[in-house]
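S.K.:
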Amino acid sequence: MTLTGTYDLPPRHHNALEPHAAVAMWRDGQVTIHSATQGPSAHALEIAAALGVGPDAVRVVSPHVGGGFGGKAFTWAPTLLAAAAARELDRPVKVVTTREQLFTVTGHRSAVHQRLTLGARADGRLNAVKHDSISEAIVEDPGIRATLHFYATPNLHAGLRITAGMDLPRTTIMRAPGDETGSFALESAMDELAERLGMDPIDLRLANYLTHAHSADPAGRLPYSSKHLDECYRVGARRFGWHRRDPQPRAASDGDWFVGMGMATAVLGAARAEAAIRVHFHADGTASVATSTADLGTGMWTVLAVMGADSLGIPISRVRPAIGDSRLPVGAGNAIYGAIGSAATATVAPAVGAATRDAITALIHHAVTHRRSPLQGLDPGEVRYRHGTLTGGGRTVGFGELLTATRTDNLGATTASGPPATQPHTFASYAAHFCEVRVHRWTGETRMSRLTSAVDAGAIVNRKAARNQIIGGLVFGTGAALLEASHVEPATGRIANANLADYLLHVNADIPDIDVHFLDHPDTAFSAVGARGIGELGTIGAAAAVANAVYNATGTRIRALPITPDKLLQ
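First residue of the sequence shown? That's 1 in my numbering, and the numbers climb one at a time after it.
1. Ordered along the chain, which non-local residues of its own chain (more than five positions away) have a Cβ less than 6 Å from that of Arg59?
2. Compare the Cα-Cα distances from Ile460 to each of Leu222, Asp523 and His157 and report the closest residue.
3. Around the Cβ of Leu17, are there at least 16 other Cβ atoms within 10 angstroms (buried) or fewer (exposed)?
4. I need the DSSP call for Phe74, collapsed to helix, strand or coil.
5. Could you have a look at Asp179 and say whether DSSP puts it in helix, strand or coil?
6. Check this for me: beta carbons of Ala428 and Val267, under 8 Å apart or not?
7. Helix, strand or coil for Val289? Go by DSSP, reduced to three states.
8. Whose CA, out of Ala525, Asp256 and Ala543, lies closest to the CA of Pro223?
9. DSSP on Lys567, reduced to helix/strand/coil?
10. When the Cα atoms are used, what is the spatial distance from Met1 to Gly119?
11. With DSSP as the reference, please indicate the residues paired to Arg571 in a beta bridge.
12. Might you give, ordered along the chain, the residues of its own chain that have their beta carbon closer than 8 Å to the beta carbon of Gly473, omitting 5 neighbours on each side?
13. Compute the Euclidean distance between the alpha carbons of Ile558 and Ala491, then round it to the nearest angstrom.
14. Helix, strand or coil: how does DSSP classify Asn127 here?
15. How about the segment 260-276 and the segment 429-437: do they share at least three Cβ pairs that are nearer than 8 Å?
16. Contact check, His34 vs Val61 under 8 Å by CB: the rounded distance?
17. With contact counted as at least three CB pairs below 8 Å, one residue from each stretch, are the segment 82-89 and the segment 7-27 in contact?
18. Return the residue from the list Asp502, Ala544 and Ala465 that minimises the CA-CA distance to Phe518.
19. Closest by CA to Glu572, which one among Leu156, Ser215, Ala111 and Leu3?
20. Residues in its own chain within less than 7 Å of Pro350 by CB, not counting five upstream and five downstream?
21. In the structure shown, what three-state DSSP assignment does Asp379 receive?
22. Rounded to a whole number of angstroms, what is the C-alpha to C-alpha distance between Ala290 and Leu403?
23. Going by the DSSP bridge assignment, what does Gln30 pair with across the sheet?
24. For Ala185 versus Leu116, is the C-beta distance shorter than 8 Å?
25. In this structure, does DSSP put Ile360 in helix, strand or coil?
26. Starting from Ile340 and walking both ways along the beta strand (DSSP E), at which residues does that stretch end?
27. Please classify Thr211 as buried or exposed, where buried requires at least 16 neighbouring CB atoms within 10 angstroms.
28. Report back the beta-carbon spacing between Ser41 and Ser292 to the nearest angstrom; my notes put them in contact at under 8 Å.
29. Please report the residue range of the alpha helix (DSSP H) in which Gly262 lies.
30. Val231 lies in the alpha helix (DSSP H); which residues open and close that run?
31. Report the three-state DSSP secondary structure of Glu436 (helix, strand or coil).
32. Could you tell me the distance, in whole angstroms, from the CA atom of Ser453 to the CA atom of Gly555?
33. Are the segment 299-307 and the segment 341-349 in contact at 8 Å, needing three or more beta carbon pairs?
34. Beta carbon of Leu483, beta carbon of Pro562: below 8 Å?
35. Determine the direct distance from the alpha carbon of His64 to that of Ala73, and round the result to whole angstroms.
36. With distances taken from CA atoms, which of Arg357, Ala544, Asn462 and Asn208 is nearest Gly477?
This is the structure in structure tokens:
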């Protein structure tokens, strides 16, 4: 059996609550810029290059970011204008963009047209997948990347064409670039194939379970390090009540509302970069954990505090995290990544452990060598660190007492840590999303009534923050399914709905109860901590889960987002 479908996604804009803004101040040939950025160190390097100054002449301060979604990963004109104007005027300058300006000067998600063909045997096994995508720019949403990591097939074609020379604002990365776009096409097609074959959508996915990533080079087809996606299907289906789904469209209703259920797979490649972490003990009994990455709501403040407390064996109240400053330690990879690519926690968490070990070594050396130390003269091998205290030679002293006795303000280490140069595995995080919708039979209005997501993302460092990330991703992806679109005027290239009144976004009243369950299987092949990326996982497949539920409710297959009432009433 062969199935072919075309899938269209409109351009979209990030629309973070906090607009792009910057305050720049020059002093003695150096500039300090307060700017909400996802990567302070990379931001500083880009600004230095644009201004023609050395990297040491630029300091970026960004302790808090009011939303980014990729839109604040790179340096845009407002920040550069603030820095240039402040240098010219020799006084501080602040630049804040208006909401309308954000639609043209800070990038957007590309519109994408996709054509996807599936060839399958009667038992559901895929024998060919062909996925062609047309996009405005390769930097953002080619849409074909997801196809390489979802399902097993002996024949795979992924093609991309770029439309060059268009008189439109620049595109950039947006949450789960490529993966979100491609997953909508692939997961919608898989749902349609399941119906054609008379199979349950979960059974079809299990029949094509992928254990090795696709690669043009056979040597690159590495096995996944830890994959429990099959468990996600089973656990998610049980928690959601998938067994109650009637595969026949329009079979379930509640008064004037058709009720439907849909599901989709999410796969997100997991990455780690190099990070430099500074861990210092302080005389007041606290410890600081610092690195130059950012927190745009993904929980880095909490991750540093939790990892610092766990590694040092002290209460979290005694740990002082520090981030959001390009002058803080930075590894080569961390300068590039910052808080993007769902890699921040996976990058930083193992590095905290390495830096903590080095800091404890430095503390023990200080304890046995300083003349004022109560442990002075002992062999370092005789001294043990545990829960904030050093014990040796029958004596015990807390690190705060030790530093006070030796009149030392702080002591520790800065350590750079990253992934091995080579790995015999492919790394990814996984989820199964389940959605129930209600569609009004007379108006075509679609409302989500339930969402469930079962997630395999390795070890969960902070369960509350991780749950918030999955919920945020689901809100993001379902917003793309039902509401979001930037409308471009054909004659001018102007964004016609460049405001929050006409560019529709989910609000709290649109979101139903969301059930998130983590399998919590540590991936120790990925890192000693075992935590993989999670931030963008909830976004991937979410739009397809909604579209598949809408089809189950109404019998109408929507292949062009967003799913608006007019498309359901035709």
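Even glycine gets a Cβ: it sits at the ideal position worked out from N, Cα and C. Just so we're clear, the structure is a prediction, and the values are computed from it rather than from any experiment.
M.R.: Judging by the given coordinates:
1. If you ignore the 5 residues before and after Arg59, its C-beta comes within less than 6 Å of the C-beta of Thr32, Ser326 and Arg327, all in its own chain and listed in chain order.
2. Proximity to Ile460 across Leu222, Asp523 and His157 peaks at Asp523, based on C-alpha coordinates.
3. Exposed: under 16 other Cβ atoms inside 10 Å.
4. In the displayed model, Phe74 falls within coil according to three-state DSSP, outside both helix and strand.
5. Residue state for Asp179 is assigned as helix, using DSSP reduced to three classes.
6. Yes. Within cutoff.
7. Strand at Val289.
8. When the alpha-carbon of Pro223 is set against those of Ala525, Asp256 and Ala543, the nearest one is in Ala525.
9. Correct three-state label for Lys567: helix.
10. Their Cα atoms are separated by approximately 6 Å.
11. With the chain covering 1 to 570 only, the question about residue 571 has no answer from this structure.
12. Arg175, Ala176, Gly535, Glu536, Leu537, Gly538, Thr539, Ile540 and Ala542.
13. Taking the straight line joining both Cα atoms gives about 28 Å.
14. In the three-state reduction of the DSSP assignment, Asn127 falls in the strand class, which pools E and B.
15. Two segments are said to touch when three or more pairs of C-beta atoms, one from each, lie closer than 8 Å; by this definition the segment 260-276 touches the segment 429-437.
16. The pair is a contact, with the Cβ atoms about 5 Å apart (cut-off 8 Å).
17. Yes, since at least three Cβ pairs between the segment 82-89 and the segment 7-27 fall closer than 8 Å, the two stretches touch.
18. Among Asp502, Ala544 and Ala465, the Cα nearest to that of Phe518 is on Ala465.
19. There is no way to answer for residue 572, as the model of the chain reaches only from 1 to 570.
20. Around Pro350: Ser417, Ser527, Ala528 and Val529.
21. The answer is coil: DSSP assigns Asp379 none of H, G, I, E or B.
22. Going from the Cα of Ala290 to the Cα of Leu403 covers about 20 Å.
23. According to DSSP, which records beta bridges pairwise, Gln30 is partnered with Arg27.
24. The answer is yes: Cβ separation under 8 Å.
25. Ile360: helix per DSSP, three-state reduction.
26. It is not in any beta strand (DSSP E) - Ile340 carries neither H nor E in the DSSP assignment.
27. Exposed, since its Cβ has fewer than 16 Cβ neighbours within 10 Å.
28. Going by Cβ atoms, the distance from Ser41 to Ser292 rounds to 5 Å, so yes, they are a contact pair.
29. Run containing Gly262: none in the alpha helix (DSSP H); it sits in the beta strand (DSSP E), Trp257 to Gly269.
30. For clarity, residue 231 is Glu in the given sequence; the question names Val instead. For Glu231, the enclosing alpha helix (DSSP H) starts and ends at Leu229 to Phe240.
31. Correct three-state label for Glu436: strand.
32. Spanning the alpha carbons of Ser453 and Gly555 requires a straight line of approximately 24 Å.
33. The segment 299-307 is in contact with the segment 341-349.
34. Taking the C-beta atoms as reference points, Pro562 is found nearer than 8 Å to Leu483.
35. Distance between the alpha carbons of Ala73 and His64 is about 14 Å.
36. The closest CA to that of Gly477, considering only Arg357, Ala544, Asn462 and Asn208, is found on Ala544.
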